[in-house]
Each structure stands twice: as C-alpha cells, then as structure tokens.
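Peer 1: This is the structure I want to talk about, given as structure tokens.
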Amino acid sequence: MPQFQVGQRWSYQVRAEENRESTFVIGAVDTDANIIHISVEKAFLSDATEPVSIGHMPFSGEALTKSVVELLGNQVQVDKGFAEGLAHWKANRGGIFQITVSDAITAIISAQKPSTPDLFDELVRKMQAGRSPELAAELYRSLFALEEWFFLCELDKDETPMQWDFNIGGQSSPAILAFTSAEKAIAAADKLNLYPTETDIRLMPADIDKAIIWLDSENCHCTWVCFNVTHQQFPLYIADAVRMNLKR
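With the sequence shown counted from 1, adding 327 to any position gets you this note's numbering.
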C-alpha cells in the first residue's frame, strides 16, 4: 500500500471517456482507522468542458490504493473547502467510500444533476399501467444489455448479496436485492438503513454471467431477484434469468 501523507498530490485511474489529468490532494490521514481524506482538484467528466472539483471526500486506504496512478508532488496546499467538509463529516459521523475515486465522483455528480427519466423506471411505469407483454420484454432486454448488475452485500459475509422480503403475487417471499446502477444501490442502502451508522455501504458490481451462475447455485436460497427497490422496482424469477441469459 502506498504511504499516503498529507500534502501529497496524486493522479488516479479514470474511465475511458475521462481525461487522464485528473488529480487529488490528501488533506488528512487517520492511520488507526485507515481512512484517507482527499480534496479532488480535477475531475474531467465526459459531458463537462471544465474540470470538477470536490472539497472533501473520505476513502478507505484500500479503495485509494486501487485508485492511484502516480505521486505528482508533496507539501501541496489543499482546497480551501476541505477543512469545512472534513468538519461537517466528523460532526455527522459520516461514512467512507469503498469504491474507486473515479466511481465515487461519478456517483456524486450524478446525484447532483437535475433528474432525468431513468430507462428502467419509465419502462416499469408503462408496463404497470398497460400490462403490455411487449414492454415487459423490452424491460428485460434492457436489463440483460447492461454490462453488470449491482448488489449490496451482507454486513458479515463478503460477496454474499443481501436478501429482502418482498410481496410477490400477494405473498411475502425473500428475494435477492439487485440494482441497475451503483447510484440506485447506494440510495436504497441509505433509505432502508441497511447498514449501521458509521458502517461502509458494501456495494458489489458483478458481471451478469457471474451473477447468474451464483444465483443459480446452491449458495442462493431465493427464487427471485428484485431490482431497484425504493425506485420503480421489478422482480425477476431466477429460473427465467438463467434462460434469458442463455439467449443473450
């Protein structure tokens, strides 16, 4: 693990559509808790002409280690908004990011943008209103066209998706929680209080093929997956998921 120290400027790994010049500065280090607090200097997003800056973001040491590319300098002064952000975080006993810097920034920026109609929310609304087989087929085609699904893991079990009781067909049935985006997963974890205060949200992206293999294994004791709880949610029968995946 890199020896993170206050005042260091780092470049970090970005997505293909972003600019390589993205950088952050370390503003505080909690060695005992393995928490690194940073100030984002530059985040070039695909739809922005000017770089985005964020005064304060807290990360686990492991997440930051996965993010960094190159140490660019030392004894760098952090953004003036860092101290205020850090104080607010401490006062509210905030959590920390366990995902990469790039993914965390994308989630924050997406949450701050004016809301736009979500493909899956719109399809579910239309499907519920009309009970159209064509819309249902379009919904599940779109679901399997994604590169990955997102799960929230059990607090005490690594890589074990969380279950939730749903009313399906008038009966309560345990189903695996799944989401079409990281943002929807994080929002559900917060809204449903799925994790104790000061506990990290355990977000797990999964390749669809690998997700289906696990769902169809003896490790999964549910017959349903429910997507996007707290939004326009929709269920998927696991046996149907296996069949649909074979047709991709």
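Beta carbons: idealized from backbone N, C-alpha and C, even for Gly. Being a predicted model, the structure only gives us computed values, none of them experimental.
Taking only the alpha-carbon atoms, compute the straight-line gap between K537 and E397 and give it to the nearest angstrom.
Peer 2: Position 210 of the sequence shown, counting from 1, holds the residue named residue 537. Position 70 of the sequence shown, counting from 1, holds the residue named residue 397. About 32 Å.
Peer 1: Among the candidates V367, D430, I528, T550, whose CA atom is the shortest distance from the CA of L563?
Peer 2: If you number the sequence shown from 1, residue 563 lands on position 236. Checking every option, the nearest Cα to that of L563 belongs to T550.
Peer 1: Looking at the secondary structure, which residues open and close the beta strand (DSSP E) in which P562 lies?
Peer 2: Translated into the one-based positions of the sequence shown, residue 562 becomes position 235. Start and end: 561-564.
Peer 1: Check this for me: beta carbons of L466 and F447, under 8 Å apart or not?
Peer 2: Residue 466 sits at position 139 when you count from the first residue of the sequence shown. Residue 447 sits at position 120 when you count from the first residue of the sequence shown. Yes. Within cutoff.
Peer 1: Using 8 Å for Cβ pairs, my map puts S394 next to K369. What's the rounded Cβ distance?
Peer 2: Looking up residue 394 in the sequence shown gives position 67. Looking up residue 369 in the sequence shown gives position 42. The Cβ separation is near 14 Å, so there is no contact.
Peer 1: Would you kindly work out how many angstroms separate the C-alpha atoms of E474 and E510, rounded to a whole number?
Peer 2: Taking the sequence shown and counting its residues from 1, the one referred to as residue 474 is at position 147. Taking the sequence shown and counting its residues from 1, the one referred to as residue 510 is at position 183. Going from the Cα of E474 to the Cα of E510 covers about 15 Å.
Peer 1: Count the other CB atoms, across all protein chains shown, that sit within 10 Å of the CB of H383; report buried if there are 16 or more and exposed otherwise.
Peer 2: Numbered from 1 along the sequence shown, position 56 holds the residue referred to as residue 383. It counts as buried.
Peer 1: Identify every residue that forms a DSSP beta bridge with R336.
Peer 2: One-based indexing of the sequence shown puts residue 336 at position 9. Answer by DSSP bridge pairing, in chain order: V352, G400.
Peer 1: Can you give, in chain order, each stretch of the alpha helix (DSSP H) that sits fully within the segment 445-527 and has at least 4 residues?
Peer 2: Whole alpha helix (DSSP H) segments, 4+ residues: 446-457, 460-472, 509-518.
Peer 1: From the DSSP secondary-structure annotation, give me the bridge partner or partners of L530.
Peer 2: Walking along the sequence shown from the start, residue 530 turns up at place 203. L479.
Peer 1: Using the C-alpha atoms, what's the distance from G497 back to L542?
Peer 2: In the sequence shown, residue 542 corresponds to position 215, counting from 1. In the sequence shown, residue 497 corresponds to position 170, counting from 1. Taking the straight line from one Cα to the other gives about 23 Å.
Peer 1: DSSP state of P441, grouped into three classes?
Peer 2: Reading the sequence shown from its first residue, position 114 is the one you call residue 441. Note that P441 scores 46 on pLDDT, short of 50, meaning its location in the model is unreliable and no value can be drawn from it.
Peer 1: May I ask which residues mark the beginning and end of the alpha helix (DSSP H) holding H415?
Peer 2: As a working mapping, residue 415 is identified with position 88 in the sequence shown. Unbroken alpha helix (DSSP H) run through H415: 409-418.
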